[in-house]
Structures are given as structure tokens and as C-alpha cells.
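UniProt numbering numbers the first residue of the sequence shown as 1 and each following residue consecutively.
For glycine and all other residues, C-beta sits at the position ideal for the given N, C-alpha and C.
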Amino acid sequence: MANLATLLESTAAAYPDRTAIVAGGLRLSYAQLDGASSQVANLLTARGVGRGDKVALSCPNLPYFTVIYYGILKAGATVVPLNVLLKPREVAYHLADSEAVAYFAFEGTADLPIGEAAWEGFRATPGCREFFLVTADPAAPPVLGGPEHYAPLVAAQPAAYSTVDVDDDETAVILYTSGTTGQAKGAELRHRNMRDNARSGVALFDVDASRPDTYLCVLPLFHSFGQTVIQNNAIAFGGTIVMLPRFTAPAALRLMLDEQVTFFAGVPTMYWALLGALEDGVDVSAIAARLRVAAAGGSALPAEVHRAFQRRFGVTILEGYGLSETSPVASFAPWGQPVRVGSIGVPIPGVEMKLINDDWSDVPDDPDAIGEIAIKGHNVMKGYYNRPEATAEAIRDGWFRSGDLAKKDADGFYYIVDRSKDIIIRGGFNVYPREIEEVFMTHPAVSLVAVIGVPHESRGEEIKAVVVRNKDHDVTEDDLVAWGKEQLAAYKYPRIVEFADELPMTSTGKILKRQLK
């Protein structure tokens, strides 16, 4: 069968008693996870939701997410994971745009009332007919006139279900892009896109069901990185997923120690935070003794963070690259080979990459040539849901254009230069923020930095660095401007430096440069 849900069913059949999920004091076996997902599938079928229907899901990193995710797939429906930070108006947009007919939402907390926003957004979307509120207290009675509660509904369903057979090219998941340019678009990912990307774990990380890994799940599961590299990869190979609903470095380090985590994947800011939290007397040697894989993606990993993690944990971070539109993994540092710091590796098996110009023509095969990454292979999406024009702009002859600029060395390793939209044009010169950020990260007073362009009367744009200082450093703005002038060409160094206590980030840990601007 082509259904992505067979990843869970196959593992549950082979290892029913193996622990699938750890969340606080809860431990779910693969048999329990599979049975709970079947109950969700039975509920959906009873409500007339089936093959080809879209079902939305708003939930942080809790077992409910995985249970419902695979239940939706078993029913033959398409999962539409939504960012838990969405407001009611945004929820309504995503429900309407995806044409969702049903919606599962976790209630949230007082600080993050996910359920309230979800219910309001649902009520503003006439086409979405079913709403299920997932509560932390399964016995909590539903509010009169409010949403139906998930727990009693699924408890009444059988824990066995005959998974709907689907075609390889049917849509398994619709992942919404971050919407940095206009409204968010839904990337349609086929069952084979998601399944093959998850199974790439063998080549990428040397995973093996006979010696299962323990994965720390800190990446949001509503995002493609967390879904594929943690959730689906772990389930495909019988691993254990240790869930952390909200990332904090101290909590992550404690779980890595207590649960003997062997596999960690995160965005660069998470690695930066882990290193910063080591000052609190963490037993690094005990964590390092178990940690087998450290993977990074989502944005460029600063070389200084890479080297610092290697020194402290004795594990080399494997850096990769991908997008929601590519399921997401497109390239990775080859397993078992010396890591090239700053490189996103080579295309994964079954995937091709090349550099192109604005007109889609190929960039000359020259190590100094910069071009936009284009990707072709089993991981490339079907298209943007109900947006044929946007799909045609992004995909040509099977090649997807990424919007990311890169170089390629003589051995075929790729190096991200920057986002094409982040380039600063100062006085007619192209300036790549990532290059400046890498340099500034080597200064002892700089803990984190983001470089942006700001309007300038005569030069078009001026270069500005927003810096988070390391503790116990009293460096000034003028000090860093002068230092940058020594380190960088005259047209590259930032003339403006601003200090901040923290940098704005997305829920997936990417720095929000547009907000800084």
C-alpha cells in the first residue's frame, strides 16, 4: 500500500511492545499508538470524512499530534497541520484555503489558547463542518453550545481499522509555507514524497530498526522538518520519540540526559541555546556518551556554533537543506564522511540539485559562481494547492526553484550564500548578510547576530547588524563597527550596529528578519 500510515502499521506489527512516544510520565507502545490512530480513523469515517478530504490539525508536540496525524492518513484523508500560534482570522484563512472539512485542535494554555483561536476560526469557516477539541483532561465536560470533546468520541471507537488504500500521487499532507511574500500557500505533498523522504534516514543517519534511536522532538511537528526527520523517520525505523511541547535549552538538556537521547535535530538557534545553557552545570559527558546524531536545518548554521558544539559534545553536526515544498530534505552532509563546515552537503539519494539564473538557465560549473538552487526528485511537491499560476512559477520540467542562493564546489558540495530576497544592494554592490553574520559570530562579545538592509538616501541600502551580546561583555556599537571595518571589505561592513536582548523568531526558530526591518 502507498498510504504513509503504513509506516506506523508496519512498525507496530514488527515491534508492538516497543516504546513509540514518551511525553512526561506517559509512555505509548507502538501497539497503543497504532490502536489510538485507528480510533481516530474510525471517528472520521463515522462522520463521513474519507479519501481526499482535508482535515486540519492544531497541536503542539504532544502524543495527540502523532495519534491524530496517522488517524487522518489511515482514513485516506489529507493532513493539514497548522501553526499553533495562528490567530482566529489566520485559522479561518487556512481552513478555507485548504478546503478542510474537519478540524482537531488542542485546547492550549492560558498563555497560548490554541483551542479558542481554533474554535473562532472554525466558526468563521462554513465549509468546515466538524470540530474536535482535544483537552488535557479527558474527563472534562464539554461546554454547552461549545465544541465536541475529542476524548469520549474516540474512546467509543474500535482500536482496529482497515487503512484506506491510496495512490502514490495522492496528497498526504498540505504544509503551509511561512508566507514571507504575501499570503501563505499550501504545498501539496504526496504519500510517496513524505514516505520516501522519511525512509531516507537509512542513508542519511545510518538508522536501523534493530538498534533503534531515541529522538528528542523539539522541532514543531506542524513543520516539515519535525514531521519527517523526527516523527516519520523514527516511526519508520521503530525509534522512540521523546516529546518536548515547548523548547527551552535547560529542559531539552535534561531530557537528553534522562531519556538517553541518541538523535537530536534542531535549527541553528536551538544549538546556540543549548551551548548557552551549559553554564548551568549540565553533565555534558553523559549526554555526549549517548548522542549519536546531531542534525541541523531550517537556516544556515554559523560555523562558530558548529565548532563549539563539536568541542563540547564531541559530535559533529550534520547540516542539511530543504523546504516545505521538498518534504523537506533535499541535501545532507554524507554520513561517514568528513564534514565540510558551512556546507549543506550533497543531494540525498533520488534527488538532483543544480544552480540556475533568474531565467532558469544553468549557472556555469564554476566554484565561484552563485545561483539559485533548483531541486528535482522524489521529494518535490505536487504543487501549491489551488494555485496553478504559483505552481507554474515555482516548478518547470520537474525542477523546483527554491529562492535560495548557493555555490557548489568541485566535489559537488553546496554552500548557501543567502536567500535571494535577503540580499542587500549597497551602492550597486551585492552584499550577502550570511557572510557578515559568520564573521561577526567570531567576535567574543557576539552571542547572536542578524544582518539586514535599511533604506539609505544615496546608497539605496545601508548594512545594519542587530546583535545579542554575550554575558559580561560591554562592547559598544562603535567598537563593533570599527572591528567590522577591519574584518570586511569597505562595501560590506555594517555602519549601523544595534544591541537587543533577543531576536524575534518564528515558531520553528528562524530569525524574523522582516520583523527587524
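With burial defined as no fewer than 16 other Cβ atoms inside 10 Å of the residue's Cβ, what is the status of residue i: buried or exposed?
i                 : result
leucine 26        : exposed
proline 281       : Going by the sequence as given, residue 281 is glycine instead of proline. Exposed, because fewer than 16 other Cβ atoms sit within 10 Å of the Cβ of glycine 281.
valine 207        : buried
arginine 199      : buried
lysine 74         : buried
glycine 336       : exposed
lysine 471        : exposed
leucine 43        : buried
valine 143        : exposed
threonine 240     : buried
glutamine 515     : exposed
phenylalanine 413 : buried
histidine 473     : exposed
glycine 171       : Here residue 171 is threonine; the residue named in the question, glycine, does not match the sequence. Label assigned to threonine 171: buried.
glycine 179       : The pLDDT assigned to glycine 179 is 47, lower than 50, so where the model puts this residue is not dependable; a value taken from the coordinates is nonetheless given after this. Exposed is the call here.
lysine 421        : exposed
methionine 381    : buried
threonine 181     : At threonine 181, the pLDDT of 46 sits below 50, so the modelled position is not reliable; the number obtained from the coordinates is stated separately. By the 10 Å Cβ count, threonine 181 comes out exposed.
Helix, strand or coil, according to DSSP, for residue i in the structure here?
i                 : result
phenylalanine 440 : helix
arginine 426      : strand
threonine 180     : In this prediction, threonine 180 scores a pLDDT of 40, lower than 50, which makes its location untrustworthy; the coordinate-derived value is nonetheless stated afterwards. Reduced to three states, the DSSP call for threonine 180 is coil.
tryptophan 335    : coil
serine 458        : coil
alanine 124       : coil
alanine 288       : helix
histidine 149     : strand
cysteine 464      : First, the amino acid is wrong: residue 464 is lysine here, not cysteine. Reduced to three states, the DSSP call for lysine 464 is strand.
phenylalanine 237 : coil
tyrosine 321      : strand
residue 569       : The displayed coordinates of the chain run from 1 to 517. Any statement about residue 569 would go beyond what the structure contains.
threonine 391     : helix
proline 347       : strand
isoleucine 373    : strand
tyrosine 385      : coil
tryptophan 272    : helix
leucine 257       : helix
alanine 489       : coil
Any beta carbon of chain C sitting closer than 7 Å to that of residue i?
i          : result
alanine 20 : Among the protein chains of the structure shown there is no chain C, as only one such chain exists.
Go through its chain and collect everything with a Cβ distance to residue i's Cβ below 7 Å, but skip five positions before and after it.
i              : result
valine 417     : Ile370, Leu405, Ala406, Lys407, Tyr432 and Arg434
isoleucine 424 : Val431, Pro433, Gly453, Glu461 and Ile463
glutamine 157  : Gln39, Asn42 and Leu43
Report, in whole angstroms, the separation of the C-beta atoms of residue i and residue j, which I expect to be a contact under 8 Å.
i              : j             : result
valine 242     : threonine 262 : That pair is no contact at about 10 Å.
alanine 288    : glycine 320   : With 8 Å as the limit, alanine 288 and glycine 320 do not qualify as a contact, their Cβ atoms being about 21 Å apart.
proline 302    : proline 338   : Their Cβ separation, rounded to whole angstroms, is 19 Å, which puts proline 302 and proline 338 out of contact at 8 Å.
threonine 476  : glycine 298   : Not confirmed; about 32 Å, so no contact.
leucine 85     : histidine 94  : Not a contact, Cβ separation roughly 12 Å.
alanine 136    : glutamate 107 : 7 Å
alanine 100    : cysteine 128  : 5 Å
valine 79      : valine 55     : 6 Å
arginine 18    : glycine 238   : 6 Å
isoleucine 373 : leucine 355   : 7 Å
alanine 159    : glycine 35    : 4 Å
Please return the same chain residues whose Cβ sits closer than 6 Å to the Cβ of residue i, not counting the five positions on each side in sequence.
i                 : result
glutamate 437     : Val449 and Val451
phenylalanine 131 : Tyr103, Phe122 and Pro147
asparagine 193    : Ser327 and Asn379
alanine 236       : Leu7, Ala198 and Arg199
alanine 5         : Tyr70, Leu73, Lys74 and Thr163
proline 81        : Leu57 and Phe222
serine 224        : Leu175, Ser324 and Pro328
Out of the options, state which residue places its alpha-carbon closest to the alpha-carbon of residue i.
i              : options                           : result
glutamine 227  : Ser210, Leu189, Ala252 and Val202 : Leu189
leucine 216    : Gln310, Val166, Met270 and Ala12  : Met270
valine 67      : Arg47, Val22 and Leu95            : Val22
alanine 410    : Ser507, Pro113, Glu9 and Arg340   : Arg340
alanine 124    : Pro88, Tyr30 and Trp399           : Pro88
proline 349    : Phe225, Glu389, Phe332 and Ala110 : Phe332
threonine 177  : Pro334, Ser324 and Glu457         : Ser324
glutamate 9    : Thr19, Leu33 and Gly24            : Leu33
aspartate 368  : Met1, Tyr415 and Val293           : Tyr415
alanine 286    : Val363, Asp258, Gly115 and Arg51  : Asp258
valine 134     : Ala172, Glu279 and Tyr64          : Tyr64
tyrosine 385   : Tyr161, Val173 and Ala159         : Val173
residue 537    : Val346, Tyr161, Ala374 and Ala308 : Any answer about residue 537 is impossible in this case: the structure gives the chain only from 1 up to 517.
isoleucine 312 : Glu116, Ala300 and Glu279         : A quick correction: the sequence has arginine, not isoleucine, at residue 312. When each option's Cα is compared against that of arginine 312, the closest is Glu279.
arginine 469   : Glu502, Leu488, Arg459 and Ala482 : Glu502
Return the chain-ordered list of same chain residues with a C-beta closer than 8 Å to the C-beta of residue i, the five sequence neighbours on each side being excluded.
i             : result
glutamine 310 : Thr316 and Ile317
leucine 480   : Phe440, His443, Ala445, Val446, Ala465, Val467, Pro494 and Val497
alanine 249   : Met270, Ala273, Leu274, Gly276 and Ala277
tyrosine 491  : Arg426, Gly427, Phe429 and Val431
leucine 244   : Asn61, Leu216, Cys217, Val218, Ala251, Ala252 and Leu255
Regarding residue i and the ligand ZN, is the C-beta to nearest heavy atom distance less than 6 Å?
i           : result
leucine 219 : Absence of the ligand ZN is noted for the structure shown, with no ligands found whatsoever.
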